[in-house]
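Quick notes on the structure that follows.
Residue numbers (my numbering): 2 to 30.
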């Protein structure tokens, strides 16, 4: 039962991706 760890891992990856997109958007300005 590593479901919780998997969810936390996916959330962390999603946060990194969203943060990266946000930084890229700021650089375009």
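No residue lacks a Cβ here, since even glycine has one placed at the ideal position from N, Cα and C.
Item                                                                                                                    : Value
Can you tell me whether DSSP reads residue 2 as helix, strand or coil?                                                  : coil
Measure the C-alpha to C-alpha separation of residue 13 and residue 7 and round it to an integer number of angstroms.   : 10 angstroms
Between residue 23 and residue 17, what straight-line distance do the alpha-carbon atoms span, to the nearest angstrom? : 10 angstroms
How many angstroms separate the CA atom of residue 20 from the CA atom of residue 27?                                   : 11 angstroms
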